[in-house]
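**Student:** If you scroll down you'll find the structure; I have some questions about it.
This is the structure in structure tokens:
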């Protein structure tokens, strides 16, 4: 057995950071030895799960009418600078300034995000109100930021991206799309990937530069830190103004277009699946995401060739049959590994179901089925297998969902005073609901004070679309003025 | 109607270059106004076809056991330089040498291809013969080369890539994989995309730097130029030596691994589909590749509201029904365009089937069906539609295939003397089969002479796997020595 497959040597609840590092390595999800900091190799077991996240997202946005575009990996310096507020990115931009042995006259950047490269084209594409609404997205490519600290699937200098960029005649259409983005997150992140989250409206001082409002699905990781799983922004006409995106309205007048953009965090969703669903034995994957859904392990202790043949024949037939049923199945017939080593290996990888087949199973025409989420080993008649795999898959998914919800609820607390908050954040972290004076710019001072006291707590925002009610007479936990909102505090990556 | 939709104003056979430029623009396939030369925006109609090419290729290589990896977009300078012969790329490499306002200590390059970034990782991943064969690929990302001249989907400074990189214990396994790569090209390029091609073994002087042998599927474009649709390389142990890829063999000894790599040219395949299948009215697309397979056009000339409603109701029902049948369907109900303008629009886009529905069709419960490849308009009972769309799709595909084969055959000629060759290449271009002295390094002198005489003719190589026979006594058309091979000459992009 390879050294890196000796199983996790640390418990998730005791040292999440070390657990995460080990699982990346031992479940073979990424390789950080590429030699340029923050640039990693995504290995198949991770990439196939990531691809599934893309599949679901693409399906959702295409059903809404979005069409797939592919823009270059680079962006002109002039375009990047055009939106002044956007220049927030430039300190972390990688510049392409040489080609061969020559300096490039007009250097260009690796794109840190899409707006600055996409919106100059939009200013060429639309003339009339008839050209709108315009719904476009691009996916399965990357963006680049020269981050100081990096961590696979959480923060990289290159990381996987998905973005939709939409243009409308009316502001109401923008607001409607934001609701649809929320539904997309519900469908893919919550229902499919089983990751619970809150949908926040960020405070004004923490919104995307250039946006009127920013909305984010945020979850909490087992180390108690907030994991922002994406964002959708109401851009108003701010970018249209900066990039000159105008149309001739129905009444014949030229007007600025309204815009939204939506970016689910592909890597962050994956990291949440690893971190939240995983346990001390390794990954735990919702059935649909597992690159291998059913693994067959032959149990052969005898040296009798005849017996071995019989078991292997049944295993091979099972593999063919289960593949025909439409499941992703693998027969692990390596002859140099023990059944026990194979169990550990596939548990580490998070394969939802294991079928064991020994001489006894051959005789009885059954398999022994074991679910990754636990429970007893069960004997299943081969003739019932299709039905049982289907129902066991639902059982596994339900169990993953219930565990994740329980975990998430256990990470939400309440505090009424700053002192209480400080105490909670020292002991638990996670989300803490508190009364707060304002989520407009005038609230930022209170965040600063709170941040200092809690060593890094941030205001995530108010719940969206339905904000928590503020009880009468509640005071802002920092300044003591009337609390206008219940906000959530968390430390962030 | 937008200006760029006024139809093609040039015939493909008269000025292919202008036809190609017009179709890119008028069928809305790409936008070259991104502002950095050689970096284009791929628009949905092109990208959805390209995505289909990827879908097919991924399915084929995964059935063979390849797993999907995702490597960074960049490569270390040291790794790029490691394989000296590989340094062939460095004059056209883009360098990332600044981040924010600082110079990067060890600059890195945008990857010009995969070997130099992938093989250093391979040297870390394999220890034992048990780790091989190793079949990996990556797809849907790009590579970057500072080309002097660029043309959308033919040559770009950034272009879409697909590559598999495989490692073996034995050389025979490498040769077997090359045969499978050929089968993949057959399946996807020839059978699915209906592009005829020759499979060549390149002469030794024109192989991939560092390879023992290079094999390519080459077709010919309507301007008579060769379009290389991909390549697969027998790398022997050359790269294993350069990048230190060693394993412990069964006998316990350390040995260098054998390698192959395979890269179908995604853009080139797309360009061939545009150029070869297209006609003077626009794109012609094989049924499976069309982003819209069936378009429904309501025919309403009357001003009677009731009649309009009746027609639109039937059209909407048809759209729903045809979607349920599993076809990609679009109802063009724009009220500001005439039916004729819509016909032209969707012919330009290459939609395989058009269904017209007017008041008469409503009364008779029929639709009028017109195929993009021509033939009469046919009345089809609505109740027969599913069956008829299926059979018409086959008819269309067959017609595209037959036309492409006829076209390809018409672009292959033979010559016995240099004078004949020069004459043919002046009048027709395409492939010319000629007797040639050698495809080893000693043949290069003859190519140089031939190239000068024909103003750019190149030796494509010998047919693979079954070479043409050389008639007894044939002489090399250039040097007059005994001809050992029949080779094919063509001008290239």
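Protein chains in written order, with the working numbering: chain R, 2 to 494; chain A, 2 to 494.
The beta carbon of each residue, even a glycine, is placed where N, CA and C say it ideally should be.
Fair warning: this is a prediction, and the values are worked out from it, not measured in the lab.
Report the three-state DSSP secondary structure of residue 357 of chain R (helix, strand or coil).
**Tutor:** Counted from its first residue, the first chain places residue 357 of chain R at position 356. Correct three-state label for residue 357 of chain R: strand.
**Student:** Among R:468, R:466, R:421, which one has its Cα closest to the Cα of residue 479 of chain R?
**Tutor:** By one-based count along the first chain, residue 479 of chain R stands at place 478. Nearest option by C-alpha distance: R:421.
**Student:** Listed in chain order, which residues of the segment 31-45 of chain R have Cβ atoms closer than 8 Å to some Cβ of chain A?
**Tutor:** Answer set for the segment 31-45 of chain R: 32, 34, 35, 36, 37, 40, 41, 42, 43, 44, 45.
**Student:** Between the segment 55-74 of chain R and chain A, which residues of the former have a C-beta closer than 7 Å to a C-beta of the latter?
**Tutor:** Per Cβ criterion, the list reads 68, 69, 70, 71, 72, 73, 74.
**Student:** Check the DSSP bridge columns for residue 414 of chain R and list the partner residues they point to.
**Tutor:** Your numbering for residue 414 of chain R matches position 413 in the first chain. According to DSSP, which records beta bridges pairwise, residue 414 of chain R is partnered with R:433.
**Student:** Do the CB positions of residue 118 of chain A and residue 90 of chain A come within less than 9 Å of each other?
**Tutor:** For the purposes of this step, residue 118 of chain A is taken as residue 117 along the second chain, with counting starting at 1. For the purposes of this step, residue 90 of chain A is taken as residue 89 along the second chain, with counting starting at 1. Not a contact, by the Cβ cut-off of 9 Å.
**Student:** Within 9 Å of any Cβ in chain R, is that where the Cβ of residue 317 of chain A sits?
**Tutor:** Here the question's residue 317 of chain A lines up with position 316 in the second chain. It does not; no Cβ of chain R falls within 9 Å.
**Student:** Tell me, please, which residues DSSP counts as bridged to residue 486 of chain R.
**Tutor:** Taking the first chain and counting its residues from 1, one reaches residue 486 of chain R at position 485. Residue 486 of chain R pairs with R:437.
**Student:** If you measure between the beta carbons of residue 401 of chain A and residue 275 of chain A, is that distance less than 9 Å?
**Tutor:** Locating residue 401 of chain A in the second chain gives position 400, where the first residue counts as 1. Locating residue 275 of chain A in the second chain gives position 274, where the first residue counts as 1. No, the pair does not count as a contact, with Cβ atoms beyond the cut-off.
**Student:** Under 8 Å, CB to CB, which of the residues in the segment 143-160 of chain R have a partner in chain A?
**Tutor:** Listed in sequence order: 143, 145, 147, 159.
**Student:** Since residue 100 of chain R meets chain A, which of its residues come closer than 8 Å, beta carbon to beta carbon?
**Tutor:** Here residue 100 of chain R is taken as the residue at index 99 of the first chain, counted from 1. Ordered by position in chain A, the residues that pass the 8 Å Cβ test against residue 100 of chain R are 93, 94, 95, 96, 147.
**Student:** Which two residues bound the contiguous alpha helix (DSSP H) that contains residue 201 of chain R?
**Tutor:** Indexing the first chain from 1 puts residue 201 of chain R at position 200. Residue 201 of chain R -> not in any alpha helix (DSSP H); beta strand (DSSP E) instead, spanning 199-202.
**Student:** So what's residue 213 of chain A in DSSP terms, helix, strand or just coil?
**Tutor:** As a first step, residue 213 of chain A must be located in the second chain, where it is residue number 212. Correct three-state label for residue 213 of chain A: coil.
**Student:** Would you report the Cα separation of residue 306 of chain A and residue 291 of chain A, rounded to the nearest angstrom?
**Tutor:** The residue you call residue 306 of chain A lines up with position 305 of the second chain. The residue you call residue 291 of chain A lines up with position 290 of the second chain. Distance between the alpha carbons of residue 306 of chain A and residue 291 of chain A: 34 Å.
**Student:** Please list the partners that residue 464 of chain A has in chain B, where partner means a Cβ-to-Cβ separation under 8 Å.
**Tutor:** Considering every chain present, this structure includes no chain B. Its protein chains are R and A.
**Student:** Say whether the segment 104-121 of chain A touches the segment 182-197 of chain R, bearing in mind that this needs 3 or more beta-carbon pairs closer than 8 Å, one atom from each stretch.
**Tutor:** The segment 104-121 of chain A vs the segment 182-197 of chain R: no contact.
**Student:** Can you pull the chain A neighbours of residue 52 of chain R, defined as C-beta to C-beta under 8 Å?
**Tutor:** Position 51 of the first chain holds residue 52 of chain R. Neighbours of residue 52 of chain R on chain A, chain order: 69.
**Student:** Taking 9 Å as the CB-CB limit, is residue 14 of chain A close to chain R?
**Tutor:** The residue labelled residue 14 of chain A in the question sits at position 13 within the second chain. Cβ-Cβ to chain R under 9 Å: no for residue 14 of chain A.
**Student:** Leaving aside the five residues before and after residue 405 of chain R along the sequence, list all residues of the same chain whose C-beta is less than 7 Å from its C-beta, in chain order.
**Tutor:** One-based indexing of the first chain puts residue 405 of chain R at position 404. Answer for residue 405 of chain R: 195, 196, 197, 277, 278, listed in chain order.
**Student:** Could you tell me which of R:47, R:462, R:348 sits nearest to residue 31 of chain R, measuring between CA atoms?
**Tutor:** Locating residue 31 of chain R in the first chain gives position 30, where the first residue counts as 1. Checked all of R:47, R:462, R:348; the closest Cα to residue 31 of chain R is R:47.
**Student:** Measuring CA to CA, which of A:148, A:461, A:469, A:484 is closest to residue 491 of chain A?
**Tutor:** On the second chain, residue 491 of chain A is found 490 positions in, with the first residue counted as 1. The candidate whose alpha carbon is nearest that of residue 491 of chain A is A:461.
**Student:** Just confirm the distance between the C-beta atoms of residue 257 of chain R and residue 241 of chain R, as a whole number of angstroms; I'd bet it's less than 8 Å.
**Tutor:** Here residue 257 of chain R refers to the residue found at position 256 when the first chain is read from its first residue. Here residue 241 of chain R refers to the residue found at position 240 when the first chain is read from its first residue. Going by Cβ atoms, the distance from residue 257 of chain R to residue 241 of chain R rounds to 4 Å, so yes, they are a contact pair.
**Student:** Give the residues of chain A in contact with residue 122 of chain R, contact being defined as C-beta atoms less than 8 Å apart.
**Tutor:** For this step, residue 122 of chain R is matched to residue 121 along the first chain. By Cβ distance, chain A contributes 32, 34, 35, 42.
**Student:** Within 10 Å of its beta-carbon, does residue 310 of chain R have 16 or more other beta-carbons around it, so buried, or fewer, so exposed?
**Tutor:** Start at 1 with the first residue of the first chain, and residue 310 of chain R comes out as number 309. Flag for residue 310 of chain R reads exposed.
**Student:** Kindly indicate which residue of R:282, R:178, R:378 has the alpha-carbon position closest to the one of residue 262 of chain R.
**Tutor:** Translated into the one-based positions of the first chain, residue 262 of chain R becomes position 261. Checked all of R:282, R:178, R:378; the closest Cα to residue 262 of chain R is R:178.
**Student:** Assuming contact is defined by CB atoms lying nearer than 9 Å, are residue 169 of chain R and residue 133 of chain R in contact in what I supplied?
**Tutor:** Position 168 of the first chain, counted from the first residue, corresponds to residue 169 of chain R. Position 132 of the first chain, counted from the first residue, corresponds to residue 133 of chain R. Yes. Within cutoff.
**Student:** At which residues does the alpha helix (DSSP H) containing residue 177 of chain A begin and terminate?
**Tutor:** One-based indexing of the second chain puts residue 177 of chain A at position 176. Start and end: 172-186.
**Student:** Pick helix, strand or coil for residue 8 of chain A, following the three-state DSSP scheme.
**Tutor:** The residue given as residue 8 of chain A occupies position 7 in the second chain. DSSP places residue 8 of chain A in coil when its eight states are reduced to three.
**Student:** Looking at residue 40 of chain R: is its Cβ nearer than 9 Å to the Cβ of residue 114 of chain R?
**Tutor:** If you number the first chain from 1, residue 40 of chain R lands on position 39. If you number the first chain from 1, residue 114 of chain R lands on position 113. Not a contact, by the Cβ cut-off of 9 Å.
**Student:** For the beta strand (DSSP E) holding residue 18 of chain A, just list the boundary residues, first then last.
**Tutor:** Locating residue 18 of chain A in the second chain gives position 17, counting from the first residue. Run containing residue 18 of chain A: none in the beta strand (DSSP E); it sits in the alpha helix (DSSP H), 17-27.
**Student:** Should residue 443 of chain A be flagged as near chain R, meaning a C-beta pair shorter than 9 Å?
**Tutor:** As a position in the second chain, residue 443 of chain A is number 442, starting the count at 1. So, not an interface residue.
**Student:** If you draw a straight line from the C-alpha of residue 101 of chain R to the C-alpha of residue 181 of chain R, how long is it?
**Tutor:** Taking the first chain and counting its residues from 1, the one referred to as residue 101 of chain R is at position 100. Taking the first chain and counting its residues from 1, the one referred to as residue 181 of chain R is at position 180. Distance between the alpha carbons of residue 101 of chain R and residue 181 of chain R: 46 Å.
**Student:** In three-state DSSP terms, what is residue 456 of chain A?
**Tutor:** To locate residue 456 of chain A, count along the second chain from 1; it is residue 455. Three-state DSSP puts residue 456 of chain A in coil, outside helix and strand.
**Student:** Can you give, in chain order, each stretch of the alpha helix (DSSP H) that sits fully within the segment 20-79 of chain A and has at least 4 residues?
**Tutor:** Whole alpha helix (DSSP H) segments, 4+ residues: 45-64.
**Student:** For residue 282 of chain R, does the three-state DSSP call read helix, strand or coil?
**Tutor:** On the first chain, position 281 is the one that residue 282 of chain R refers to. Looking at residue 282 of chain R - three-state DSSP - the assignment turns out to be coil, as it is neither helix nor strand.
**Student:** Give the DSSP bridge partners of residue 167 of chain R, in chain order.
**Tutor:** Along the first chain, one-based indexing puts residue 167 of chain R at 166. According to DSSP, which records beta bridges pairwise, residue 167 of chain R is partnered with R:136, R:261.
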